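Novice: Residue numbers (this note's numbering), protein chains in the order written: chain A, 1 to 404; chain B, 1001 to 1270.
For each residue, glycine too, the CB sits at the ideal point set by N, CA and C.
Please read these numbers as outputs of a predicted model, since none were measured by experiment.
One structure coming up, written as structure tokens, with questions to follow.
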Amino acid sequence: MKLTEEMLKALPDARGHFGAYGGRFVSETLFDSLMTLEREYKRLRDDPEFQAEFDRDLAHYVGRPSPLYFAERLTRETGGAQIWLKREDLNHTGAHKVNNTIGQALLARFLGKKRVIAETGAGQHGVATATVCARLGLECHVFMGEEDIRRQSPNVYRMKLLGAEVHSVTSGTRTLKDAMNDAMRDWVANVDDTFYIIGTVAGPHPYPLLVRDFQSVIGRETRAQCLDRTGKLPDALVACVGGGSNAIGMFYPFLTDESVELYGVEAGGLGIDTGQHAAPLSAGRPGVLHGNRTYLMEDENGQIAGTHSVSAGLDYPGVGPEHSWLKDIGRAHYVSVTDDEALDGFRKLTRVEGIMPALETAHAVAYAIKLAASMDKDKVVVINISGRGDKDMQTVAEIDGIEV
Amino acid sequence: MSRIEGVLRTLREQGRKALIPYITAGDPHPDQTVGLMHTLVDAGADIIELGVPFSDPMADGPVIQQACERALRHGTSLRQVLAMVKTFREKDDATPIVLMGYLNPMEAMGQEKFADGAVDAGVDGILTVDLPPEEADEVAPLFTARNLDAIFLLAPTTTDDRIRAISEHSSGYVYYVSFKGVTGAGKIDVDEVAANVAHIHELTALPVAVGFGIRDAATAAAVGQVSDGVIVGSVLVDTIARNQADPDQLKRALSDLLHPMREALDSLPS
Ligand SMILES: Cc1ncc(COP(=O)(O)O)c(C=O)c1O
């Protein structure tokens, strides 16, 4: 399907659907809040003052634009297409997540909410939320699975230093999906004074829309930087996909550029055929979870399946609804790499370029290296370096059997 | 007329209020559910809301979350829940059964297959917590065609326009959620409930049953006074959790909890 600007403008539709996906599947108590959020966001989306404040914060607080860096040595060692890195790891707080939390915190302020909640997996979204709350003087509560608290402990302490309260989630699989359940439960109880800052392009409408809008700065900058530096558009974009926010932010401004191939890389865990993975687009089927219809990992009875990934931020059984749509219409390719391949990608980028990526990002790195190797030298591949790997040192050390 | 309508109409004619207990199917064990359903009826239940366990019950507090986990540990599937209702119907053809759950297990079965299975088992109504009427365009006609009542939630945050729209999509009764929060949490404010239910009664002719926060006979009576029925959930599920080791004691404990509620409701001036 050839996408046009008009087609994209019409999505999501009035009820928040991207084709068969998306929507607003929530209990009744939350409905009115979602309607209000949608109405206010539609107004602010076209408000030059709101947009100017967002842009100002991105420039002077986050440090945008982030560089587009030519990974010369990695390119030479790979021996194929030119590999370029979009450096979201250089943002304040170390990942793309902050683009979104800046935007949503502004919304919270416009709506007069004083209390903020968030879910987090790797802790990057929790840190980015705690950071903007510190800056705006908002009360901040972060829900995090007990298992993730263990494997991302540096980020837990960062959140606490920033003044956030971290709630350990002990239900279900004790990871990101359960953190999101508990955040929703808190929101139902405190809906009058609380703003829920969702960390990815999932959740009920209008979240997939507004998170995509806030993250699209990544793709807009990349487009302009690539034209400026290489004189043409990239041939392929590669991004990891957990809930899908860094990927959609990178892809969205290129959707109508047919020549640009889009690759979303899911967590293959121990291998797709083992069932121990977190790759709903590669191996799941459509269902409903966390307020939207999308590809999910579930058993034959519709119970959500446990997931596995070495990276906490990809360890999620669902994915943003717009990705489900892009998969079905064939505009983006969704692939996966295993834990081991991701770890290789992590080590490779660290040793060859001196850039230590997050384990989430390492999935994109690993796939992009394979992809670039199969492409001609005059082609350009851009990897979205969604975050830096400091938070993962303990995990990697544990795998290496080293105590740090 | 559906079984639910029939029961609620008779109660109204008698000047009585509906007592609607909720338990999670498969909790504490799938073999016990049908027996517990009969116990609920013997203790005065007019309608039973039978929970379909789900791995991610977002609208539920810890008590019902853990009930779901217990039921799922024994592999309770939607197919089995339908089989339980069918077995229940062998001895009880009068008490309406409402399945209450989340959308994904129903979709996984296939909505048409689910609707057929529900009718075949003797289910009377479906309450899908995370399915607002806006998203029900496809399933609603499947239910209507089979005379299954679609029951939707109303909340303290529901606007008048939505109360009207939701009521139009509903049949049997509407379920008013008494407070903002998950099941088993919070404290019910009876005056606020009275005002809101009176307001809902102005906007729809359907019976209004109230759930969330009803844990004892006094509250049941106070809420029954201002509504058409009360739904009692977490306190029963909590009782199941505490008595799971002893099936006979469990039945007695559930009876002891419901009986006084039944009596309190029936002592209300009609
Ligand atoms: C660095 C980094 N990249 C990617 C992700 C995955 O999220 P998303 O798919 O929404 O970009 C996370 C989530 O925690 C992350 O921290």
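Indicate, with yes or no, if ligand 1 has a heavy atom lying under 8 Å from the CB of residue 360 (chain A).
Specialist: Start at 1 with the first residue of the first sequence, and residue 360 (chain A) comes out as number 360. Yes, the Cβ of residue 360 (chain A) comes within 8 Å of a heavy atom of ligand 1.
Novice: Which residue wins for smallest C-alpha separation from residue 86 (chain A), given the options A:387, A:256, A:110 and A:46?
Specialist: Within the first sequence, numbered from 1, the residue matching residue 86 (chain A) stands at position 86. Here the closest residue by C-alpha is A:387.
Novice: Is the Cβ of residue 33 (chain A) closer than 9 Å to any Cβ of chain B?
Specialist: In the first sequence, the residue the question calls residue 33 (chain A) occupies position 33. True, the Cβ-Cβ gap to chain B drops below 9 Å.
Novice: Report yes if the CB atom of residue 292 (chain A) is closer than 9 Å to the CB atom of residue 321 (chain A), and no otherwise.
Specialist: Within the first sequence, residue 292 (chain A) is the residue found at index 292, counting from 1. Within the first sequence, residue 321 (chain A) is the residue found at index 321, counting from 1. Result yes, Cβ atoms of residue 292 (chain A) and residue 321 (chain A) sit closer than 9 Å.
Novice: Mapping the DSSP letters down to three states, classify residue 1050 (chain B) as helix, strand or coil.
Specialist: If you number the second sequence from 1, residue 1050 (chain B) lands on position 50. Strand at residue 1050 (chain B).
Novice: Give, in chain order, every residue of the region 13-31 of chain A whose Cβ lies closer than 9 Å to some Cβ of chain B.
Specialist: The region 13-31 of chain A vs chain B, Cβ under 9 Å: 15, 23, 24, 25, 26, 27, 28, 29, 30 and 31.
Novice: Kindly examine ligand 1 and report whether one of its heavy atoms sits closer than 8 Å to the Cβ of residue 1159 (chain B).
Specialist: As a first step, residue 1159 (chain B) must be located in the second sequence, where it is residue number 159. Not under cutoff, so the answer is no.
Novice: Between B:1061, B:1082 and B:1222, which has its C-alpha nearest residue 1190 (chain B)'s C-alpha?
Specialist: If you number the second sequence from 1, residue 1190 (chain B) lands on position 190. The shortest C-alpha separation from residue 1190 (chain B) is found at B:1222.
Novice: What is the DSSP secondary structure of residue 1167 (chain B), reduced to helix, strand or coil?
Specialist: In the second sequence, counting from the first residue as 1, residue 1167 (chain B) sits at position 167. Note: residue 1167 (chain B) maps to helix in three-state DSSP.
Novice: Check the C-beta distance from residue 1255 (chain B) over to residue 1043 (chain B) and give it rounded, since I have them as a contact under 8 Å.
Specialist: Along the second sequence, read from residue 1 onward, the residue named residue 1255 (chain B) stands at position 255. Along the second sequence, read from residue 1 onward, the residue named residue 1043 (chain B) stands at position 43. The pair is a contact, with the Cβ atoms about 4 Å apart (cut-off 8 Å).
Novice: Given a limit of 8 Å on CB to CB distance, which residues of the region 1113-1137 of chain B reach chain A?
Specialist: Correct list: 1129, 1130, 1131, 1132, 1134 and 1135.
Novice: Taking only the alpha-carbon atoms, compute the straight-line gap between residue 1049 (chain B) and residue 1092 (chain B) and give it to the nearest angstrom.
Specialist: Residue mapping note: residue 1049 (chain B) aligns to position 49 of the second sequence, counting from 1. Residue mapping note: residue 1092 (chain B) aligns to position 92 of the second sequence, counting from 1. Taking the straight line from one Cα to the other gives about 15 Å.
Novice: Given 8 Å as the limit, is there contact between the region 199-217 of chain A and the region 237-256 of chain A, that is, 3 or more CB pairs closer than that?
Specialist: Short answer: they touch.
Novice: Can you list, in chain order, the residues of its chain whose CB lies under 6 Å from that of residue 223 (chain A), leaving out five sequence neighbours each side?
Specialist: Position 223 of the first sequence, counted from the start, is the residue given in the question as residue 223 (chain A). Around residue 223 (chain A): 253.
Novice: In its own chain, which residues sit with a C-beta less than 6 Å from the C-beta of residue 89 (chain A), not counting the 5 before and 5 after it?
Specialist: Position 89 of the first sequence, counted from the start, is the residue given in the question as residue 89 (chain A). Only 385, 387 and 388 meet the Cβ criterion.
Novice: Cβ of residue 304 (chain A) less than 9 Å from any chain B Cβ?
Specialist: Counting from 1 along the first sequence, the entry for residue 304 (chain A) is found at position 304. True, the Cβ-Cβ gap to chain B drops below 9 Å.
Novice: Taking a Cβ distance cut-off of 7 Å, strictly less, list which residues of the region 165-194 of chain A are near chain B, in chain order.
Specialist: Listed in sequence order: 171, 172, 177, 181, 184, 185, 188, 189 and 191.
Novice: Distance cutoff 9 Å, beta carbons only. Does residue 1253 (chain B) sit that close to anything in chain A?
Specialist: The sequence position of residue 1253 (chain B) within the second sequence is 253, counting from 1. Residue 1253 (chain B) does not count as touching chain A.
Novice: For a test of the three-state rule: what should DSSP assign to residue 1173 (chain B), helix, strand or coil?
Specialist: By 1-based counting over the second sequence, the position of residue 1173 (chain B) is 173. Residue 1173 (chain B) falls in the coil class under three-state DSSP.
Novice: Is any non-hydrogen atom of ligand 1 found closer than 8 Å to the C-beta of residue 1196 (chain B), if you look at the structure I gave you?
Specialist: On the second sequence, position 196 is the one that residue 1196 (chain B) refers to. Outside the cutoff, so no.
Novice: Pull up the distance between the alpha-carbon of residue 1235 (chain B) and that of residue 1010 (chain B), whole angstroms please.
Specialist: By 1-based counting over the second sequence, the position of residue 1235 (chain B) is 235. By 1-based counting over the second sequence, the position of residue 1010 (chain B) is 10. Distance between the alpha carbons of residue 1235 (chain B) and residue 1010 (chain B): 27 Å.
Novice: Is residue 246 (chain A) close to ligand 1? I mean its beta-carbon at under 8 Å from any heavy atom of the ligand.
Specialist: Here residue 246 (chain A) corresponds to residue number 246 of the first sequence, with the count starting at 1. Yes - ligand 1 has a heavy atom lying nearer than 8 Å to the Cβ of residue 246 (chain A).
Novice: Does the CB of residue 3 (chain A) have a neighbour CB from chain B at under 9 Å?
Specialist: Taking the first sequence and counting its residues from 1, one reaches residue 3 (chain A) at position 3. Output row for residue 3 (chain A): interface = no.
Novice: Given a cut-off of 9 Å, decide if residue 182 (chain A) and residue 167 (chain A) are closer than it, judged by their beta-carbon atoms.
Specialist: For the purposes of this step, residue 167 (chain A) is taken as the residue at position 167 of the first sequence. For the purposes of this step, residue 182 (chain A) is taken as the residue at position 182 of the first sequence. In contact: residue 167 (chain A) and residue 182 (chain A) (Cβ atoms closer than 9 Å).
Novice: For a quick check, are the C-beta atoms of residue 1137 (chain B) and residue 26 (chain A) less than 9 Å apart?
Specialist: The sequence position of residue 1137 (chain B) within the second sequence is 137, counting from 1. The sequence position of residue 26 (chain A) within the first sequence is 26, counting from 1. Contact: no.
Novice: Among A:402, A:331, A:356 and A:367, which one has its Cα closest to the Cα of residue 4 (chain A)?
Specialist: Taking the first residue of the first sequence as position 1, residue 4 (chain A) is located at position 4. Here the closest residue by C-alpha is A:331.
Novice: For residue 297 (chain A) versus residue 313 (chain A), is the C-beta distance shorter than 9 Å?
Specialist: Start at 1 with the first residue of the first sequence, and residue 297 (chain A) comes out as number 297. Start at 1 with the first residue of the first sequence, and residue 313 (chain A) comes out as number 313. Going by C-beta atoms, residue 297 (chain A) is not nearer than 9 Å to residue 313 (chain A).
Novice: Do you know offhand how far residue 381 (chain A)'s Cα is from residue 369 (chain A)'s?
Specialist: Position 381 of the first sequence holds residue 381 (chain A). Position 369 of the first sequence holds residue 369 (chain A). Roughly 9 Å separates the two Cα atoms.
Novice: Give me the Cα-Cα distance between residue 402 (chain A) and residue 1117 (chain B), rounded to the nearest whole angstrom.
Specialist: Within the first sequence, residue 402 (chain A) is the residue found at index 402, counting from 1. Within the second sequence, residue 1117 (chain B) is the residue found at index 117, counting from 1. Distance between the alpha carbons of residue 402 (chain A) and residue 1117 (chain B) is about 56 Å.
Novice: Could you list which residues in chain B have their beta carbon closer than 8 Å to that of residue 289 (chain A), in chain order?
Specialist: Position 289 of the first sequence, counting from 1, holds the residue named residue 289 (chain A). The answer, in chain order, is 1056 and 1104.
Novice: Starting from the C-beta of residue 341 (chain A), find all residues in its chain whose C-beta is less than 6 Å away, skip the five residues before and the five after it, and write them out in chain order.
Specialist: As a first step, residue 341 (chain A) is located in the first sequence; it is residue number 341 there, counting from the start. Cβ neighbours of residue 341 (chain A) beyond the five flanking positions: 366.
Novice: Give me, in chain order, the residues of the same chain whose beta-carbon lies closer than 6 Å to that of residue 311 (chain A); leave out the 5 immediate sequence neighbours on both sides.
Specialist: As a working mapping, residue 311 (chain A) is identified with position 311 in the first sequence. Hits under 6 Å: 359 and 360.
Novice: For residue 1272 (chain B) versus residue 1229 (chain B), is the C-beta distance shorter than 9 Å?
Specialist: Past the edges of chain B, shown from 1001 to 1270, lies residue 1272 (chain B), and the structure says nothing about it.
Novice: Please report the Cβ distance between residue 1101 (chain B) and residue 189 (chain A), rounded to the nearest whole angstrom; I am assuming they are in contact, meaning their Cβ atoms lie under 8 Å.
Specialist: Within the second sequence, the letter at position 101 stands for residue 1101 (chain B). Within the first sequence, the letter at position 189 stands for residue 189 (chain A). Their Cβ separation, rounded to whole angstroms, is 21 Å, which puts residue 1101 (chain B) and residue 189 (chain A) out of contact at 8 Å.
Novice: What do you reckon, are the CB atoms on residue 1094 (chain B) and residue 1003 (chain B) nearer than 9 Å?
Specialist: Here residue 1094 (chain B) corresponds to residue number 94 of the second sequence, with the count starting at 1. Here residue 1003 (chain B) corresponds to residue number 3 of the second sequence, with the count starting at 1. Cβ distance < 9 Å, so residue 1094 (chain B) and residue 1003 (chain B) count as in contact.
Novice: Just the chain B side, please: which residues come within less than 8 Å of residue 300 (chain A) by C-beta, in chain order?
Specialist: Numbered from 1 along the first sequence, position 300 holds the residue referred to as residue 300 (chain A). Those within 8 Å of residue 300 (chain A) in chain B are 1108.
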